[in-house]
Amino acid sequence: EGEFNPKLHDACLQKAFVYLMTGDKKFGKDAIALMDAYMGVVEFSNLLDITREIGQVIYHGSLVYDWCYDQLTDEEKNYIEQALIRNAINYGIDYLNGQPHGVDFITVRNNWNLVCNTGLTAAALVLCDKYPKLSFRMMEANLKSIENGLSGFAPAGGWDEGAMYWDYTMQYSTYLFTM
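For what it's worth, our numbering labels the leading residue of the sequence shown as 487, then goes sequentially.
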């Protein structure tokens, strides 16, 4: 079992981006191998921070899946798809149906809401061609939940969690709005 590792999932994303921009298959294959191994061992055991971890890993995993799709074998596609469904779509739908597994990110006005919904939105978007019903159900619920997170910027764009979390929240909000 592994632990949450932001440096590892950032490395996956950076390699996937280099592949996307250059077409150098070595970077695409490296990104896939790293994310494949990481998604298979990451353990979400910190209940105080479980949803942000999942949101970040799912966001990065979704981008690697999308950007490197043509380099994935059928087995790798299936593995990542099932990991996204298990750790994002089904997990998110449980929360939205009132069955949370940790912190309730659905109704809060803080960074958890926007980080988690960014990951869930990314997963829903990359899976919508193969799993349209699940993906659209997730997207519909996310749109309602995101309103709660965005309300944290009212009334003047500040953030009650302070400048560091304002930056973190804006980072994931930007990811969300550029998908």
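No residue lacks a Cβ here, since even glycine has one placed at the ideal position from N, Cα and C.
Note that the structure is predicted; figures quoted are calculated from it, not measured.
{"Item": "Local conformation of Tyr565 per DSSP, three classes", "Value": "helix"}
{"Item": "DSSP state of Asn634 mapped onto helix, strand, coil", "Value": "helix"}
{"Item": "Rounded Cβ spacing between Phe513 and Lys501 (contact assumed at less than 8 angstroms)", "Value": "5 angstroms"}
{"Item": "Sequence-distant residues of the same chain with beta carbon closer than 8 angstroms to Leu558, five excluded per side", "Value": "Ile518, Tyr551, Ile566"}
{"Item": "Assumed close pair Leu613, Leu570 - CB separation to whole angstroms, cut-off 8 angstroms", "Value": "6 angstroms"}
{"Item": "Span of the alpha helix (DSSP H), counted from its first residue to its last, around Trp598", "Value": "597–613"}
{"Item": "For Ala608 and Ser459, believed in contact at Cβ under 8 angstroms, the rounded distance", "Value": "With the chain covering only 487 through 665, there is no way to say anything about residue 459."}
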